[in-house]
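One structure is given here, and the rest of the page talks about it.
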Amino acid sequence: LHRLIRRQRQMCIRDSLQALQDLDDAKFNLSGKRYNVACFLAQQSAEKALKAYLFLKGADEVWGHSVGELCEDAKSFEEEFEEIEVISKSLDKYYIPTRYPNALPGGIPSEAFDKSDAEKAISMAEKIINFIKSKSGGEL
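Right, dumping it as structure tokens:
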């Protein structure tokens, strides 16, 4: 039991730190006009922040990459997560098409996403991270 709790705590810390780094990297890519990468990293930051929250709350395993589904999982701990459910689901569209040309009807990801996409994705990720911080009792 102690090993499981220690592992959950380690995963919480690691995911939380990487979530913040991914958000910073998203902003860096926005400034460098790498909009598709900024969108993807914003999605990743929200995903990792939600995973950190789930580990903090005692989840044994946390699987998946869907921010929307991870938010659904978080609702099992706190119903208030429905406040960020819509933006969580919106971030999911930046997971695959930002990286793979075959996920788009034409063109390539580096041409398909623009500054407004990146700003919107980063803003959504920041809202999710700030919400999680407010629900974690200062632990994230």
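Numbered by the working numbering, the letters in the sequence shown go through residues -12 to 127 in order. We put the CB at the ideal spot given by N, CA and C, even for glycine. What you are looking at is a predicted structure, and each value in this text was computed from that prediction instead of being measured.
- A distance below 7 Å between beta-carbons, with the five flanking residues on each side excluded, links CYS58 to the following residues of its chain, in chain order: LEU37, PHE68, ILE71, GLU72, SER75.
- At the C-beta level, LEU10 and ILE116 come within 8 Å of one another.
- In the three-state reduction of the DSSP assignment, ASP101 falls in the coil class, being assigned neither a helical nor a strand state.
- Between LEU17 and ALA99, the C-beta gap is not smaller than 8 Å, which leaves the two residues out of contact.
- Residue state for PRO84 is assigned as coil, using DSSP reduced to three classes.
- Residues ALA39, LEU127 of the same chain have their beta carbon placed closer than 6 Å to that of SER3, with the five preceding and five following residues left out of the count.
- Distance from the Cα of ALA33 is smallest, within the candidate group ARG21, VAL54, PHE15, for VAL54.
- In the three-state scheme derived from DSSP, where H, G and I count as helix and E and B as strand, ALA46 is classed as coil.
- Residue environment for ASN23: buried (at least 16 other C-beta atoms within 10 angstroms of its C-beta).
- Annotation: VAL49 to PRO96 spans about 28 Å, alpha carbon to alpha carbon.
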